[in-house]
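Taken in sequence, the protein lines are chains A and B. Residue numbering for the first sequence is 78 to 338, as defined by this note's numbering. Residue numbering for the second sequence is 323 to 682, as defined by this note's numbering. Here the structure is laid out as C-alpha cells; the discussion comes afterwards.
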Amino acid sequence: MSHLLELTGVSKRFGGVQAVNEVDFHADPGEIVGVIGPNGAGKTTLFNIVTGFYRPDAGKMTFDGHNLVGLKPNQVTRIGIARTFQAVRLFANMSVIENAMVGQHTRTRSGVFGAILHTRRTVEEERRIQLKAQEALAFFGDRLIPRINQLASELAYADRRRLEIARAMATEPKLLLLDEPAAGMNPAEKDGLIELIGRLRDEKGYAIVLIEHDMPVIKGVCDRVVALDYGSKIAEGTYDEVASNRQVVEAYLGKAASEVQ
Amino acid sequence: MTAKTETRTRRLPFERIPVRRIILVALSLAIIYGVVAGSAATLQTGTFSGADWRTLVVNGLARGSVYALIAIGYTLVYGVLFMINFAHGEVFMSGTYTSFFVATALAESGYLNEHPLISIGILFVVSMVVSTVVAIILERLAYRPLRGAPRLVPLITAIGASLFLQYTFRGLYGANVRAYPEIAAIQGTWEIFGFDFLKKQVIVIVAAMIFWLILYLVVAKTKTGRAMRAVGEDREVAALMGIDVDRTIVATFAIGGALAGAAGILFVFVFNQVIFIMGFLPGLKAFTAAVLGGIGSISGAALGGLVLGVLEAIGPNLFLTGANVPSPNQLQPVVAFGILVLVLIFLPGGFLGSDEEERA
C-alpha cells in the first residue's frame, strides 16, 4: 500500500551535526500525525526537507505519486503540500485578504500581459482568487472576515496564527504541515486549536502533520505520534504507546528520570 | 547611540549636545540661509519673469517624469532584492541607443513624419524590448549567481556591468554624440488654459503618468505584483506559497527595464541626442529621485522624480543667479547630488520610505 507522503531513510547533515538520521515517515489521507521530540531533535529540519528548502543527503521521498527529492519549494506547493511556521511568518505589509490571495498563486496561470490588457481570463481568474481566499478566511468564522482589509501586522497574535493557516489553506493542499501551532496560546486557545485541527481534517479532508511540544494538543488530535531524538526516530505509535516509551521519556527527562519511574 | 550616551552620568553641560547634532544644525542653517538669501537676491534682480518661472517648472516636470520612470526600476529591484542595480542607467541607454538606429532609418525613408504616431509606437516598442532584454540578461548573468553573496558584491558587479555596457556601445557605435531625428509632429506648442506649452513636454509628462499608473496597478492589483511584494517581504515563505522566486525576480527586472526603455524615448523627445554615456547622469539622478522619494516605494519614485526635476530646473536659477554665479544651469548636477547628500543626512527614509532602513 502506498502512502500519501512517504519518506524512506531520509538523512541530512549540517557540518558535524546529523540533523536528520535515516528517518522513515509516512502520512495517509485524512490522518493526523504528531511529531514530537526535544529541541534540536530535527523536527523542523524534517519539514524543511519535505518542503524543498533543504535537499536530503540520502533517502527517498514521495508524495501523491510524485518524487519529492530535488523539487523547489514552489513546486512542492503545487503538488499539494502547505505549511505554517513556528514563528508566524506572514506578509506583514499586505492586507489579510492579500495574504490569502498569495496562497492561490500556484493555482492560477495568467501573467502580466493578461493583466495589462485586462483580458477576460485574467479578470475572471482574479475574481476566483478573491473568492477562494475569502473561502479560506471564512473557515475561521468571524475571526478574519471582518478584518479582511487590515494589514496582517495589525492583527492580534492568535489571528495571525489563524491567518497563516488560512494562507496555507488557500494553496489548496492535500497535506498540511503545522509547525508548533499551539506555541504562545493559552489553554482556552489550545482547546480551540484542537477543535480546529479536527475540523481541518473532517471538513477539508487534509492529511495533517504537526510538530508540537504541547502534549495535551498532541493527545487531543493525533491518530499517530512519531518521536524524534538527535535526528533519529525513536518511537512511533498511538499517543499512549509513545508517551510510555522508555526511550521517549529518557529523551525528554534524561536517563535518571526513567529509572525513577 | 543615544542609549549609550544616556547611561553616562555626570556630564558637563556642554557635553550634552553631540557634536554630530551641532554640525547638522549648522549645516542646515547654512543651507537655509544660502537658499533664502540667494532666492531673495535673484527675485530682486528681476532677471526672470513669471512666464520664465512657469517654463522652468514645466521643463522640470518633464525631465522629472523621465527620472521618475527610471527611478521605478531602481525602486522595484530594491523592493524585491534589497540591492541597487547601478547598471540600470545603462539599461536605459541600451534601449534608447538602439531605437536611434530605427528612428534614423524611419526618418530617412520619410515614414517618421508621414506616420508619426505609428513611428513613435515602433520606437517605444524597440526601446522597451531592448531595455527589457538587457535587464533580464543582466539579472541572469551578473546578479543571479551572486544571490547569496554579501551585499557589496552585487553592487561592485553592477558597476562593472555598467561600464561593460557603456564601452560595448562605445566600441560598436563610437564615442560621438548623435543627433536623434526630430519628429515634426511633436514640435511646436499647445495652448492650454491660455498658456503656451511645448508639445513634447506635455507629451512626456502625460505619457510618464500613464506608464506610472499602469505600473502602479500591476503592482497593487495583479498576481505578479502580489508575487513581487511577497518575495520582497519573505522570499522563503513566498516560495512556499507556490511563487517561483526566480521568475518573479526576472519579472521585476523586466518591468523596470521596460519602463527605462520607455523613459529613454521620452528623454530623446526632450534632449534629441544619444551617446554611449547618456545613461550615467540620468541613471544617477533617477537613483537620487528614488532615494528622495523613499527607495522601495513606487509612489515615492514618482514623487522624488518630479521634485528632483523641478528643483533641478528652478534651483540653480533661483538660488544662484542672485549670488552672481556665472551660468548657474551648469550646476544642475550640483543641485541634484546636493539633494542626495542632504536627503541621506536628514531624511534617510525619503518622503514615503519605511522606517526599516536598516535593511539597506
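No residue lacks a Cβ here, since even glycine has one placed at the ideal position from N, Cα and C.
Using CA atoms only, rank isn't needed, just tell me which of the options is closest to residue i.
i      : options                        : result
B/A552 : A/F91, A/V173, A/D101          : A/V173
B/F598 : B/R500, B/G579, B/G372         : B/R500
B/E564 : A/P106, A/E108, A/H182, A/D105 : First, the residue type needs correcting, since residue 564 of chain B is Gly and not Glu in the sequence shown. Among A/P106, A/E108, A/H182, A/D105, the Cα nearest to that of B/G564 belongs to A/H182.
B/S453 : B/L653, B/L581, B/A529         : B/L581
B/G510 : B/N407, B/Y502, B/V524         : B/V524
B/F404 : B/W375, B/L666, B/A635, B/I617 : B/I617
B/Q652 : B/V663, B/V665, B/P638         : B/P638
B/P503 : B/Y433, B/G368, B/L630, B/L349 : B/Y433
B/A506 : B/V402, B/N498, B/I345, B/K522 : B/K522
B/G578 : B/P472, B/E430, B/Q595, B/A612 : B/A612
A/L167 : A/T121, A/A213, A/A243, A/D141 : A/A243
B/V590 : B/L445, B/T364, B/A409         : B/L445
A/A135 : A/L84, A/V319, A/E327          : A/L84
A/E99  : A/I288, A/Y316, A/D306         : A/D306
B/T367 : B/A658, B/G672, B/N646, B/P670 : B/N646
B/A390 : B/L669, B/G615, B/F673, B/A576 : B/G615
A/R155 : A/V303, A/R276, A/L252         : A/L252
Counting only beta-carbon atoms, is residue i nearer than 9 angstroms to chain B?
i      : result
A/Q338 : Because A/Q338 sits at a pLDDT of 49, beneath the cut-off of 50, its placement in the model cannot be relied upon, and the following sentence gives the value as read from the coordinates. Chain B, which has no Cβ nearer than 9 angstroms to the Cβ of A/Q338, makes this no.
A/V179 : yes
A/R222 : Here residue 222 of chain A is Ile; the residue named in the question, Arg, does not match the sequence. For A/I222, the answer is no, since every Cβ of chain B falls outside 9 angstroms of its Cβ.
A/E212 : no
A/H182 : yes
A/A265 : no
A/T196 : no
A/L208 : no
A/G147 : no
A/A169 : yes
A/N226 : no
A/A104 : no
A/P293 : no
A/E356 : Because chain A is modelled from 78 through 338, residue 356 of chain A falls outside the range shown and cannot be assessed.
A/T121 : no
A/P258 : no
A/T199 : yes
A/F217 : no
A/E203 : yes
A/R276 : no
A/P133 : no
A/F130 : yes
I'd like to know whether the C-beta of residue i is nearer than 9 angstroms to at least one C-beta of chain A.
i      : result
B/M531 : no
B/K543 : yes
B/A562 : Note that residue 562 of chain B corresponds to Leu in the displayed sequence, not to Ala. For B/L562, the answer is yes, since a Cβ of chain A falls inside 9 angstroms of its Cβ.
B/A552 : yes
B/A549 : yes
B/I565 : yes
B/V399 : no
B/R681 : Residue confidence for B/R681 is low, a pLDDT of 39 falling below 50, so the modelled location carries little weight; the figure read from the coordinates is stated next. No, B/R681 does not count as interfacial toward chain A.
B/V379 : no
B/E555 : yes
B/D677 : Because B/D677 carries a pLDDT of 48, less than 50, the predicted location of this residue cannot be relied on, and the following value inherits that uncertainty. Answer no: the Cβ-Cβ gap between B/D677 and chain A never drops below 9 angstroms.
B/E558 : yes
B/F673 : no
B/A325 : Unreliable placement is indicated for B/A325, whose pLDDT of 46 sits below 50; the coordinate value is still reported in the next sentence. So, not an interface residue.
B/E328 : The pLDDT assigned to B/E328 is 48, lower than 50, so where the model puts this residue is not dependable, and the model offers no usable value.
Tell me where the alpha helix (DSSP H) around residue i begins and ends.
i      : result
B/G547 : 545 to 555
A/R166 : Here A/R166 belongs to no alpha helix (DSSP H), and DSSP marks it neither H nor E.
B/K607 : 602 to 615
B/V499 : That residue, B/V499, is in no alpha helix (DSSP H); it is neither H nor E in DSSP.
B/R569 : 567 to 593
B/H437 : No alpha helix (DSSP H) contains B/H437, which DSSP labels as neither H nor E.
B/H410 : 410 to 431
For residue i, report the span of its beta strand (DSSP E) as first-last.
i     : result
A/K89 : 82 to 91
Closer than 8 angstroms to a non-hydrogen atom of the ligand ATP - does that hold for the CB of residue i?
i      : result
A/R323 : In the structure shown, the ligand ATP is absent, as is every other ligand, since no ligand is present at all.
Curious, which full-length alpha helix (DSSP H) runs of at least 4 residues does the stretch 334 to 399 of chain B contain?
341 to 367
Would you check if the stretch 617 to 625 of chain B and the stretch 530 to 545 of chain B touch, i.e. whether three or more CB-CB distances between them fall below 8 angstroms?
yes
Quick check: the stretch 588 to 604 of chain B against the stretch 344 to 357 of chain B, are there 3 or more CB pairs under 8 angstroms?
no
At what residue ranges does the stretch 200 to 261 of chain A contain a whole run of the alpha helix (DSSP H), taking only runs of 4 or more?
234 to 246
Enumerated in chain order, which unbroken segments of the alpha helix (DSSP H) with a length of 4 residues or greater are wholly contained in the stretch 289 to 338 of chain A?
292 to 298, 316 to 320, 323 to 330, 332 to 337
If we count Cβ pairs, one from each stretch, closer than 8 angstroms, do we get three or more for the stretch 157 to 167 of chain A versus the stretch 246 to 258 of chain A?
yes
Report the residue ranges of all beta strand (DSSP E) runs contained in full by the stretch 454 to 526 of chain B; include only those spanning at least 3 residues, in chain order.
511 to 514, 517 to 520
Looking at C-beta atoms only, is the number of pairs between the stretch 408 to 415 of chain B and the stretch 578 to 597 of chain B that lie closer than 8 angstroms three or more?
yes
Would you check if the stretch 106 to 122 of chain A and the stretch 296 to 311 of chain A touch, i.e. whether three or more CB-CB distances between them fall below 8 angstroms?
yes
Do the stretch 88 to 104 of chain A and the stretch 303 to 318 of chain A make contact, defined as three or more Cβ pairs closer than 8 angstroms?
yes
Quick one: any contact between the stretch 280 to 294 of chain A and the stretch 112 to 127 of chain A, if contact means 3 or more CB pairs under 8 angstroms?
yes
In chain order, what are the residue ranges of uninterrupted alpha helix (DSSP H) at least 4 long that sit wholly in the stretch 91 to 174 of chain A?
120 to 127, 150 to 155
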